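Below is one structure, written out as structure tokens; comments come after it.
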DNA sequence: CACAAATTATTGGTGCACCAATAATTTGTG
DNA sequence: CACAAATTATTGGTGCACCAATAATTTGTG
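Chains as they are written, first to last, in the working numbering: chain A, -15 to 125; chain B, -15 to 125.
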């Protein structure tokens, strides 16, 4: 590998980073971050999830989730409730404010997603997604 | 967007993350991280670079570079030298230890790169890289 | 030439991400 | 049933990444 720019891993990282910055920018108007959006998205789908299940679904370490949930609680978007049946578990629920953000945040992220893949046609996106998925699976172990 | 997994940004992030973990794992045997490798790589190409030029080349914020260079100095791989012509500037040089790592580290990362794209043929990689580059350029404002 | 503007590197603050260890609790096996 | 093993969430430590502000120095313009 002559130049670092020719390194596939480097290229992938830089592309991801640029895309991610775009999401950050738009979401910052709502005072949240991309990863916080993904958590809210799971909760709009189904409330009362365990933090460990959220972590697994998002492929994040359990210890990564804790401070992110803290910030969502602090911003009044979610709340932790003890599971009455198992005292180890915190179930995560949306607040009213968290529920209200569903439509505006989804609209915003739809826009971001569109602008990100602007200039690609349907078929290209499909191939691209397939490649990303295949590449990801390649790394499992 | 029904499920978060269908979000293109999310998929890209997760794929990058998995790939990046593979690099981390292998490089940890040398006590360095992927971003530290990229900096060393630039220095093997040309010593005595300004930190701001390293940052630009790697698309990193200047303030991100400082602590990474600190750690490389601490691990005895590089050293900062004052530019005699401009006292604002620190020029970054490799130590002997930093130079010695060129071959083993490059070999290691070549292996990682190969294992990452295993199962893809030449043509697919070319298309993939082109798409990543195009997508990246798409984000530049 | 003086002094505002630009450049360079750093500091301080925030927010992910990991791993290893811990505490509280529940599960499951002898 | 007792108690080791498993589960859940958290804490503490490390390492990127950003932005805004700062300090030191150099450049460039009136």
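Virtual Cβ for every residue (Gly too), placed ideally from N, Cα, C. Being a predicted model, the structure only gives us computed values, none of them experimental.
Output the boundary residues of the beta strand (DSSP E) element that contains residue i.
| i | result |
| --- | --- |
| residue 80 of chain A | Careful: residue 80 of chain A lies outside any beta strand (DSSP E), inside the alpha helix (DSSP H) at 80 to 84. |
| residue -12 of chain B | Premise fails: residue -12 of chain B is in no beta strand (DSSP E) and is neither H nor E. |
| residue 129 of chain B | Since the displayed chain B opens at -15 and closes at 125, residue 129 of chain B lies outside it and no answer follows. |
Output yes or no for whether 8 Å exceeds the beta carbon distance between residue i and residue j.
| i | j | result |
| --- | --- | --- |
| residue 76 of chain B | residue 27 of chain B | yes |
| residue 145 of chain A | residue 8 of chain A | An answer regarding residue 145 of chain A cannot be provided, because it is not within the stretch -15 to 125 covered by chain A. |
| residue 78 of chain B | residue 62 of chain B | yes |
| residue 0 of chain A | residue 104 of chain B | no |
| residue 141 of chain B | residue 39 of chain B | Shown here, chain B extends from -15 to 125; a query on residue 141 of chain B therefore has no answer. |
| residue 3 of chain A | residue 123 of chain B | yes |
| residue 92 of chain B | residue 41 of chain B | no |
| residue -5 of chain B | residue 113 of chain A | yes |
| residue 111 of chain A | residue 6 of chain A | no |
If we cut at 8 Å on Cβ distances, does residue i have a partner in chain A?
| i | result |
| --- | --- |
| residue 66 of chain B | no |
| residue 119 of chain B | yes |
| residue -2 of chain B | yes |
| residue 47 of chain B | no |
| residue 12 of chain B | no |
| residue 8 of chain B | no |
| residue 35 of chain B | no |
| residue 2 of chain B | yes |
| residue 113 of chain B | yes |
| residue 22 of chain B | yes |
| residue 116 of chain B | yes |
| residue 89 of chain B | no |
| residue 26 of chain B | yes |
Compare the C-alpha of residue i against each of the options and name the closest.
| i | options | result |
| --- | --- | --- |
| residue 65 of chain A | A:1, A:58 and A:73 | A:73 |
| residue 98 of chain A | B:92, B:37 and B:-8 | B:-8 |
| residue 14 of chain A | A:60, A:67 and A:68 | A:60 |
| residue -3 of chain B | A:43, A:11 and A:94 | A:43 |
| residue 102 of chain A | B:111, B:119, B:114 and B:112 | B:119 |
| residue 67 of chain A | A:-10, A:34, A:-14 and A:88 | A:34 |
| residue -11 of chain B | A:29, A:12 and A:58 | A:29 |
| residue -13 of chain A | B:121, B:94 and B:100 | B:94 |
| residue 100 of chain B | A:80, A:100, A:82 and A:121 | A:121 |
| residue 56 of chain A | A:37, A:82, A:71 and A:69 | A:82 |
| residue 12 of chain A | A:107, A:109 and A:88 | A:88 |
Counting only beta-carbon separations shorter than 8 Å, does residue i have a partner in chain B?
| i | result |
| --- | --- |
| residue 56 of chain A | no |
| residue 76 of chain A | no |
| residue 103 of chain A | yes |
| residue 123 of chain A | yes |
| residue -12 of chain A | yes |
| residue 92 of chain A | no |
| residue 107 of chain A | no |
| residue -5 of chain A | yes |
| residue 59 of chain A | no |
Between which two residues does the alpha helix (DSSP H) harbouring residue i extend?
| i | result |
| --- | --- |
| residue 1 of chain B | -8 to 12 |
| residue 23 of chain B | 18 to 29 |
| residue 49 of chain A | 46 to 58 |
| residue 37 of chain A | 35 to 41 |
Is it the case that the CB of residue i approaches a heavy atom of the ligand ATP more closely than 7 Å?
| i | result |
| --- | --- |
| residue 103 of chain A | This structure lacks the ligand ATP, and indeed carries no ligand of any kind. |
* To do: Starting from the N-terminal side, write out each stretch of the alpha helix (DSSP H) that is 4 residues or longer and does not extend beyond the segment 96 to 122 of chain A.
  => Taking 4 residues as the shortest admissible run, the segment 96 to 122 of chain A contains no complete alpha helix (DSSP H) segment at all.
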